[in-house]
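For the sequence shown, the working numbering assigns the number 293 to the initial residue and increments by one for each residue that follows.
We put the CB at the ideal spot given by N, CA and C, even for glycine.
Report on the following structure.
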Amino acid sequence: MTVCNPAAQPPRYCSLCPRLAAFREAQERAHPEWFNGPVPPFGDAQAELLIVGLAPGLRGANRTGRPFTGDYAGGLLYATLRKYGFAEGDYDARPDDGLALRRVRITNAVRCVPPQNKPEPSEIANCRRFLFAEINDMPRLRAILALGAIAHHAVLTALGFRRALFPFEHGRLHRLARGLTLADSYHCSRLNTNTGKLSPAMFEAIFATLRGDLDPPQGGIAYPGAGLDLAIRP
Ligand code: SF4
């Protein structure tokens, strides 16, 4: 079940980014049956792991209204989540397919679909307030997985950390503060897998590491440091 804090969600017709709002409206005219709005997160706010992607894909999340649903990246992400026990049920590329996330919530650094999948720096900055609110709304958060360097930088900036201290590196875990870890992966896009930059095995290794990092050694013990009280503002 996904429960969203309204304060952490942009309005349905958010106009903070004029270029993206115009692109959304153009898609609405061309494809009125598509979602065509800021895509809300998927998964429970009580989750311990937050996955942050770049932005909705045009025919993926922008069409279906659920992050990573309906495109190539989602196929790889959800298969991997199921393999490592972070999701249950069948993934059928539809928001009503019954797939349920376990201990994971998924969002994007930019909530609206950008042309050519390329948000501008000002758009990433505009949407940072919603990313920050999302993170701050997760009381049991222990780890954030950034898919790609843009998501990595968006998370660091949203939380007030200096980017130079935590350079993006695939497979790296950055211990931030108050028990919060930032993990890095190349984005699970078709381009990255087709070019060999990211293999399914490399992607799976990230989740194997996160699984071990999240699970306490003897089981059943609450994670120390849970319940972040982030006082930092974007
Ligand atoms: S990308 Fe974010 S800030 Fe920009 S219009 Fe969409 S919801 Fe608003």
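Let me check understanding here. Comparing Cα to Cα, which of A435, G345, F424 lies closest to R470?
Counting from 1 along the sequence shown, the entry for residue 470 is found at position 178. Among A435, G345, F424, the Cα nearest to that of R470 belongs to A435.
Assigned secondary structure, S414 (DSSP; H/G/I helix, E/B strand, else coil):
Indexing the sequence shown from 1 puts residue 414 at position 122. If DSSP states are grouped into helix, strand and coil, S414 belongs with the helices.
Go ahead and pull the three-state DSSP assignment for A493.
In the sequence shown, counting from the first residue as 1, residue 493 sits at position 201. Correct three-state label for A493: helix.
Of all the options V396, N428, E426, which has the alpha carbon lying nearest to the alpha carbon of I343?
Residue 343 sits at position 51 when you count from the first residue of the sequence shown. The candidate whose alpha carbon is nearest that of I343 is V396.
I'd like to check one pair, T361 with F499: are the Cβ atoms closer than 8 Å?
Sequence index remark: in the sequence shown, residue 499 carries index 207 (1-based). Sequence index remark: in the sequence shown, residue 361 carries index 69 (1-based). Cβ distance not < 8 Å, so F499 and T361 don't count as in contact.
Just tell me which of I416, P431, A392 has its CA closest to the CA of A441.
Here residue 441 corresponds to residue number 149 of the sequence shown, with the count starting at 1. It is I416 whose Cα lies nearest to the Cα of A441.
Would you mind working out which of L506, D505, N418 sits nearest T449, comparing C-alpha positions?
Counting from one through the sequence shown, the residue named residue 449 turns up at place 157. Here the closest residue by C-alpha is N418.
CB-CB under 7 Å to L490, same chain, minus the five flanking residues each way: which ones, in chain order?
As a first step, residue 490 must be located in the sequence shown, where it is residue number 198. Contacts found: Y478, C480, N484.
Straight-line CA distance for N328 to Y364?
As a first step, residue 328 is located in the sequence shown; it is residue number 36 there, counting from the start. As a first step, residue 364 is located in the sequence shown; it is residue number 72 there, counting from the start. Going from the Cα of N328 to the Cα of Y364 covers about 19 Å.
Which value, in whole angstroms, describes the spacing of the CA atoms of V402 and C309?
Residue numbering aside, residue 402 sits at position 110 when the sequence shown is read from its first letter. Residue numbering aside, residue 309 sits at position 17 when the sequence shown is read from its first letter. Distance between the alpha carbons of V402 and C309 is about 10 Å.
If distances are taken between C-alpha atoms only, which option among D389, L465, E325, P324 comes closest to G504?
As a first step, residue 504 is located in the sequence shown; it is residue number 212 there, counting from the start. Nearest of D389, L465, E325, P324 to G504, Cα basis: L465.
Bridge partners for I343 per DSSP, in chain order?
Taking the sequence shown and counting its residues from 1, one reaches residue 343 at position 51. I398, L437, per the DSSP bridge assignment.
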